[in-house]
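Asks:
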Amino acid sequence: MRLTEEQQHTLRAAVDRIIPPDDYPGAWQGGVGDYLARQFESDLRPMLDDYCAGLSALEAESVARFQQTFVLLSEEEQDTMLRHIEAGEVLTAWNVTPRLFFNLLVNTTAEGFYSNPEQGGNRKGVSWAMTGFEEPLQ
1 MRLTEEQQHT LRAAVDRIIP PDDYPGAWQG GVGDYLARQF ESDLRPMLDD YCAGLSALEA
61 ESVARFQQTF VLLSEEEQDT MLRHIEAGEV LTAWNVTPRL FFNLLVNTTA EGFYSNPEQG
121 GNRKGVSWAM TGFEEPLQ
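Using this note's numbering, the first residue of the sequence shown is number 1, and each one after it goes up by one.
#1: Just reading off the alpha helix (DSSP H) that residue 21 is part of, what are its end residues?
#2: How long is the line joining the alpha carbons of residue 86 and residue 118, rounded to whole angstroms?
#3: Pairing CB atoms from the segment 47-63 with CB atoms from the segment 80-97, are three or more of them under 8 Å?
#4: What three-state label does DSSP hand residue 2 in the structure shown?
#5: So, for residue 17: in the same chain, excluding its five sequence neighbours on each side, which residues have a beta-carbon less than 8 Å away from its beta-carbon?
#6: Whole angstroms is fine: what's the gap from residue 48's alpha carbon to residue 106's?
#7: Do you know how far the Cα of residue 114 is from the Cα of residue 46?
#8: Taking the alpha helix (DSSP H) that residue 102 belongs to, which residues open and close that run?
#9: By the three-class DSSP mapping on this structure, what secondary structure does residue 92 have?
#10: In angstroms, rounded to a whole number, what distance separates the CA positions of residue 112 and residue 134?
#11: Excluding the 5 residues preceding and the 5 following residue 15 in the sequence, name in chain order all residues of the same chain whose CB lies nearer than 7 Å to its CB.
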């Protein structure tokens, strides 16, 4: 199983709310999507079904709560959606526990953004520059 195009768009919007762009790139531009694509082919493969189910449920929940998809919500509405999911306060049926999905989303976003660029994320060491971390010598 792979992410559908809609799930990919939802994922992009969600990770950019977890680590939003400011003076530095947000999660997606910082390489989280590349990191996850790589990890879904290896270490995260066992979690791919939960990820897909969670992204689809997030879309259904957005439509139930705001009458539009997550991608089309305002940033404030997206944040509200994510807070409800974190708290387990959902209106629709989920095939994965909402809190489990939220934690998976947050943890893998952080992994991708702050990891060694060799893992596929942290494009051009952007998070290291943001935090003042000096790149290790090769």
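Cβ coordinates follow ideal geometry from the N, Cα and C atoms, glycine included. In this text, all values refer to a predicted model and were calculated from it rather than measured experimentally.
Replies: Considering the structure as presented:
#1: Within the sequence shown, numbered from 1, the residue matching residue 21 stands at position 21. Where residue 21 is concerned, there is no enclosing alpha helix (DSSP H), given that its DSSP letter is neither H nor E.
#2: Within the sequence shown, numbered from 1, the residue matching residue 86 stands at position 86. Within the sequence shown, numbered from 1, the residue matching residue 118 stands at position 118. Their Cα atoms are separated by approximately 30 Å.
#3: yes
#4: Your numbering for residue 2 matches position 2 in the sequence shown. For residue 2, the three-state secondary structure derived from DSSP is coil.
#5: Against the sequence shown, residue 17 aligns to sequence position 17. For residue 17, where only same-chain residues beyond five positions count, the Cβ hits under 8 Å are 75, 78, 79, 82.
#6: Translated into the one-based positions of the sequence shown, residue 48 becomes position 48. Translated into the one-based positions of the sequence shown, residue 106 becomes position 106. Those two C-alpha atoms are separated by around 15 Å.
#7: Indexing the sequence shown from 1 puts residue 46 at position 46. Indexing the sequence shown from 1 puts residue 114 at position 114. In a straight line, the C-alpha of residue 46 is about 22 Å away from that of residue 114.
#8: Locating residue 102 in the sequence shown gives position 102, where the first residue counts as 1. Per DSSP, the unbroken alpha helix (DSSP H) holding residue 102 starts and ends at 98-114.
#9: For this step, residue 92 is matched to residue 92 along the sequence shown. Residue 92 falls in the coil class under three-state DSSP.
#10: The residue given as residue 112 occupies position 112 in the sequence shown. The residue given as residue 134 occupies position 134 in the sequence shown. Going by the C-alpha atoms only, they are around 18 Å apart.
#11: Taking the sequence shown and counting its residues from 1, the one referred to as residue 15 is at position 15. So the qualifying residues of the chain are 27, 28, 32, 109.
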